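Counting with the numbering used here, you get residues 1107 to 1317 for the letters of the sequence shown. All residues carry an ideal CB built from backbone N, CA and C; glycine is no exception. None of these values were measured; they are calculated from a predicted model. The structure appears below as C-alpha cells.
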Amino acid sequence: MARSFRKEIKEPDSFHVYAEKITLWYQANTKPVLALAAVLLVALGAFFGYRAWKNHIKEQSGIALAIAQTEDALRKAADNYPGTKAGAIARLRLAMLLRTRGAHKESEKEYHRLLNTGGIAEMDRELAKRGLAGTLSLQGKCAEAIPIWKKILYNGSLLTPEDLYISVGSCLEETGKRADALKTYEELIQKYPRSPFITAQLRARMNVLGK
1107 MARSFRKEIK EPDSFHVYAE KITLWYQANT KPVLALAAVL LVALGAFFGY
1157 RAWKNHIKEQ SGIALAIAQT EDALRKAADN YPGTKAGAIA RLRLAMLLRT
1207 RGAHKESEKE YHRLLNTGGI AEMDRELAKR GLAGTLSLQG KCAEAIPIWK
1257 KILYNGSLLT PEDLYISVGS CLEETGKRAD ALKTYEELIQ KYPRSPFITA
1307 QLRARMNVLG K
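Below is the structure:
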C-alpha cells in the first residue's frame, strides 16, 4: 500500500503530463498563436459589425416603410373626410410627419389645404397656423412666419401664447432685427414673468442683443 502510494507520488498522472506538453508547445509557438488569435478577433469583429450594420439597415427600412404607410393612410383619411374633426386631425398629423422628415414644402402645402377647408374647429385652425409658421421658419421664410404668429398673439391664443414670443424673437434674430427681438423677449417677461420659457439661455441671449 505504501509502495503504491509512493509510486503515485513519483509518477505524474496523465493530466499533468498533458498540461505540461501544452504549456511547452505554447511557449514554443507563442507568436503564431497570438497572430491566429488576432486574425480570429478581426474576423469576429467584422462578422458582428456586419450583422449590426445589416440590422440597422433593416430597422431603418422598416421605419421608412411604416412612415410611408402612415402618410398614405393619413392622406386618404384627410381627403375622404374634409371638414370633419377626423379629417382635420389626419391632415394635421400628416403635415407634422412631413415636417419631421424634412419635407417642409409638402408640409406647408398640407397646412394650407387644411386652412382652406371650411368647417374646421378654431383649435384645429390655430394648430394649423402654428404648424404652417413653424414650417415656413424652417425654410428660412421668417418674413412670412412672423405675421402668422403675431396675428395669433393679437387675436388671443387658445393654447399657451408664451412659446410664440420665443418663435417670433428667434425669427427676428435670424433676420437681423436684434432690437425687435429683444423687445419681443422683454414683452414675454413682462406679461408672463413665471413662464418656463424664460430660461438662463434666453436671458444670456438678451444680454447679447442689448449690447
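Euclidean distance between Cα positions of serine 1243 and glycine 1316
24 Å
Compute the distance between the beta-carbons of glutamate 1285 and glycine 1275, then report whether it is under 9 Å.
For the record, residue 1285 in the displayed sequence is alanine; it is not glutamate. In this structure, glycine 1275 does not lie closer than 9 Å to alanine 1285 by Cβ.
Going straight from the alpha carbon of alanine 1249 to that of proline 1188, what length do you get?
30 Å
Suppose contacts are defined by Cβ-Cβ distances below 9 Å. Is alanine 1196 in contact with alanine 1209 by that definition?
no
I need the straight-line Cα distance from leucine 1220 to lysine 1235, nearest angstrom please.
9 Å
Using 8 Å for Cβ pairs, my map puts aspartate 1230 next to leucine 1198. What's the rounded Cβ distance?
7 Å
Using only the alpha-carbon positions, how far apart do aspartate 1178 and leucine 1265 sit?
29 Å
Cβ pair tyrosine 1298, methionine 1312 closer than 9 Å
no
Assign lysine 1297 to one of three DSSP states: helix, strand, or coil.
helix
Nearest-angstrom Cα separation, counted from methionine 1202 out to glycine 1237
7 Å
Own chain partners of serine 1273 with C-beta closer than 6 Å, once the 5 adjacent residues on each side are dropped
Trp1255
Relative to the alpha-carbon of threonine 1190, which residue among Thr1223, Tyr1217, Leu1294, Lys1257 has its alpha-carbon at the smallest distance?
Thr1223
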